[in-house]
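Residues -16 to 287 in this note's numbering are what the sequence shown lists, from first letter to last.
Virtual Cβ for every residue (Gly too), placed ideally from N, Cα, C.
Here is the structure we will look at, set down as structure tokens.
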Amino acid sequence: MNSYVLLLLVAMIYAGNLLVGKAVTDTIPPITLAFLRLSIAFLAILPFGWKEWKENITLWKNEWKAIFSLAFTGIAAFNALVYYSLHFTSPVNAGIVESATPIFSVIIGFILLREKLAKLQLIGVLISTVGVLWVIAKGSILVLVTLSFNFGDILMLIAVICWVFYSFFVKKHSGKFPLYGGLLSILFTAIIVMIPFTALEWNKIIEINWNIGAVFALLYLGIFPSVLALMWWNKAVEDIGPSQASVFLNLVPVFAALGSYVFLQEVITWHQVVGGIIVLVGVILTTREKSSLPKQTTILTKEI
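Right under this line is the structure:
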């Protein structure tokens, strides 16, 4: 299949992660949802990664700190925070905030790693920051002044920051690991990390109505964003390169908006449209200077 078609499908699948997560937000508790999704993903990737994992047991033992850092930030914390945020905010808002990930990569890289910030990047950061604030403030100056932000949008911001730290850890460590064996180790570690937090939701877990919709939602979340999108993303990156491929991730909030309107009957507001455009412009300006951005590798995908 054409790589550009694959990237369109990947963007749709990632948007679907937000839509499906929102649809089951009142049925399955957020940490439990993330835990079950990762468990399904682990089982789905197991046939692909078992041989690599078995052949590199010594590597996993020696690099347990790196494995834990990747599992905690980008897998356990990121997914739990995304699903928790969807209890309070819309898939559109979540998608727009998530699309600003490159901006936070630049900001955190500048603060913690002292990476140089080009003039064009600085302009892009400022523009995208305005866009994100516009979205979470619903276009209201009063919300900004009183700091009465939507709790879900704040959680999504924290999730994005977790993902940025994950991307830095990927930049530092991913060359050490085989792709599917590494993913298997990271997923397994994330599942272990999440067990005690999932147990805190036990009272809600026993009340889950396991209807056909909930089961299909879990299967979608565990297989499509975590396995199919991963494979298609890697194939496209090998074909056209990470720079061109990453542009398609800007379509995630667009597909999230369309899906919210069609499937969830949510109204798309003018402040979301304006804010989304502002964020997109800022991201384009910022990522034109690629030397300061964390480079993407095959293990780094937008979702796991």
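Can you tell me whether Y(-3) is buried or exposed, with buried defined as 16 or more other CB within 10 angstroms of its CB?
-> Counting from one through the sequence shown, the residue named residue -3 turns up at place 14. So Y(-3) counts as buried.
Return the first residue and the last residue of the alpha helix (DSSP H) that A288 is part of.
-> With the chain running from -16 to 287 in the structure shown, residue 288 is simply not present.
Counting Cβ pairs closer than 8 Å, one from the stretch 58 to 68 and one from the stretch 14 to 21, do we hit at least three?
-> yes
According to the Cβ coordinates, are A240 and V75 closer than 7 Å?
-> By one-based count along the sequence shown, residue 240 stands at place 257. By one-based count along the sequence shown, residue 75 stands at place 92. In contact: A240 and V75 (Cβ atoms closer than 7 Å).
Any chance you could list the alpha helix (DSSP H) runs of at least 4 consecutive residues sitting entirely within the stretch 166 to 230, in chain order?
-> 185 to 188, 195 to 206, 212 to 223, 225 to 230
Length at least 4, wholly inside the stretch 100 to 131: the alpha helix (DSSP H) runs in chain order = 102 to 119, 124 to 129
Three-state secondary structure (DSSP) of D9 = Start at 1 with the first residue of the sequence shown, and residue 9 comes out as number 26. Looking at D9 - three-state DSSP - the assignment turns out to be coil, as it is neither helix nor strand.
Opening and closing residue of the alpha helix (DSSP H) in which S68 lies = As a position in the sequence shown, residue 68 is number 85, starting the count at 1. That run of the alpha helix (DSSP H) goes 61 to 68.
Would you report the Cα separation of W47 and K99, rounded to the nearest angstrom?
-> Counting from 1 along the sequence shown, the entry for residue 47 is found at position 64. Counting from 1 along the sequence shown, the entry for residue 99 is found at position 116. Cα-Cα distance, rounded: 31 Å.
Short check: CB of A(-6) to CB of L204, under 7 Å?
-> Locating residue -6 in the sequence shown gives position 11, counting from the first residue. Locating residue 204 in the sequence shown gives position 221, counting from the first residue. No, these two residues do not count as a Cβ contact at 7 Å.
What residue range is occupied by the uninterrupted alpha helix (DSSP H) comprising A83?
-> Numbered from 1 along the sequence shown, position 100 holds the residue referred to as residue 83. That residue, A83, is in no alpha helix (DSSP H); it is neither H nor E in DSSP.
Within 10 angstroms of the Cβ of T281, are there 16 or more other Cβ atoms? Answer buried if so, exposed if not.
-> In the sequence shown, the residue the question calls residue 281 occupies position 298. Low local confidence applies: a pLDDT of 46 at T281 is under 50, so the model's placement there is unreliable, with the coordinate-based value given in what follows. That one is buried.
Go ahead and pull the three-state DSSP assignment for I251.
-> Numbered from 1 along the sequence shown, position 268 holds the residue referred to as residue 251. In this structure, I251 counts as coil in the three-state DSSP scheme.
Please look up how many angstroms separate the CB atoms of A77 and M139, rounded, as I've assumed it's under 8 Å.
-> Reading the sequence shown from its first residue, position 94 is the one you call residue 77. Reading the sequence shown from its first residue, position 156 is the one you call residue 139. With 8 Å as the limit, A77 and M139 qualify as a contact, their Cβ atoms being about 5 Å apart.
Taking all protein chains shown into account, do 16 or more other C-beta atoms lie within 10 angstroms of the C-beta of Y244, making it buried, or fewer, making it exposed?
-> Within the sequence shown, numbered from 1, the residue matching residue 244 stands at position 261. By the neighbour-count rule (16 or more Cβ atoms within 10 Å), Y244 is not buried but exposed.
In the DSSP assignment, find the alpha helix (DSSP H) that holds L42 and state where it starts and stops.
-> Stepping through the sequence shown from its first residue, residue 42 is reached at position 59. Where L42 is concerned, the enclosing alpha helix (DSSP H) stretches over 40 to 45.
Cα-Cα separation between K218 and S(-14), rounded to whole angstroms = Walking along the sequence shown from the start, residue 218 turns up at place 235. Walking along the sequence shown from the start, residue -14 turns up at place 3. Looking at the two C-alpha atoms, the distance is approximately 7 Å.
Minimum C-alpha distance to V257 - residue among V237, T269, N192 | Numbered from 1 along the sequence shown, position 274 holds the residue referred to as residue 257. The candidate whose alpha carbon is nearest that of V257 is V237.
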